[in-house]
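In this note's numbering, the protein residues as written are 5 to 191. For reference, the structure is listed below as structure tokens.
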């Protein structure tokens with residue numbers, strides 16, 4: 005009669021998922037989360053509830069709430085961070101985006117240069133918006149090292165170097181920008 009007997013709840017969740025009864029699958033996951041004593045495990049359940057809510061219930065707002073609860077409970081929840089970063093980016097919620105970007109960089113596959121470049125560039129923008137200019141420049145440099153032709157990286161890095169009156173370095177960046185993007189620039 006133990007409502008929190010985990011193997012039984014997992015089995016029940018799988019039955020509901022197989023029948024595509026998503027509200028019941030979510031209800032069982034909520035029971036699993038409520039019965040768990042481990043923060044990391046509770047966070048994983050909240051992430052899973054968020055995913056089911058996003059994909060099958062199609063309630064983006066509620067899904068975001070579950071992802072945020074998961075991150076608040078366990079800040080190392082990479083899956084929730086991945087789900088939230090685009091939301092925070094679009095909302096320009098830089099204070100919430102910054103630690104998530106750091107987490108994603110820390111845990112990203114080093115062989116995936118395109119993903120790393122995107123994360124470093126976004127971290128640069130985020131740091132710049134938070135007036136952490138040294139950190140922004142560091143992230144722009146990291147993005148530049150991965151893709152020295154990315155127009156937004158070149159523009160952001162050049163503008164930041166100009167604002168810091170690092171003329172020689174800014175000149176080199178803008179020169180690179182012109183070499184790679186002359187045809188796409190407007191006056």
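Idealized CB from N, CA, C, for every residue including glycine.
Asked, Found
"Can you list, in chain order, the residues of its chain whose CB lies under 8 Å from that of residue 51, leaving out five sequence neighbours each side?", "70, 71, 74, 81, 83, 84 and 87"
"Going straight from the alpha carbon of residue 49 to that of residue 109, what length do you get?", "23 Å"
"Residues in the same chain with beta-carbon distance under 6 Å from residue 21, minus the five sequence neighbours each way, listed in chain order, please.", "29"
"Have a look at 168, 169, 134 and 120 and flag the residue whose alpha-carbon is nearest the alpha-carbon of residue 147.", "120"
"Residues in its own chain within less than 8 Å of residue 53 by CB, not counting five upstream and five downstream?", "30, 33, 34, 37 and 70"
"Taking all protein chains shown into account, decide if residue 153 is buried (16 or more other Cβ within 10 angstroms of its Cβ) or exposed.", "exposed"
"Answer with buried or exposed for residue 125, where buried requires no fewer than 16 other C-beta atoms within 10 angstroms of its C-beta.", "buried"
"Pull up the CB-CB distance for residue 123 and residue 112, whole angstroms please, since I reckon it's below 8 Å.", "6 Å"
"For residue 30, report the span of its alpha helix (DSSP H) as first-last.", "26-39"
"With DSSP as the reference, label residue 126 as helix, strand or coil.", "helix"
"Locate the alpha helix (DSSP H) running through residue 84, then write down its first and last residues.", "82-95"
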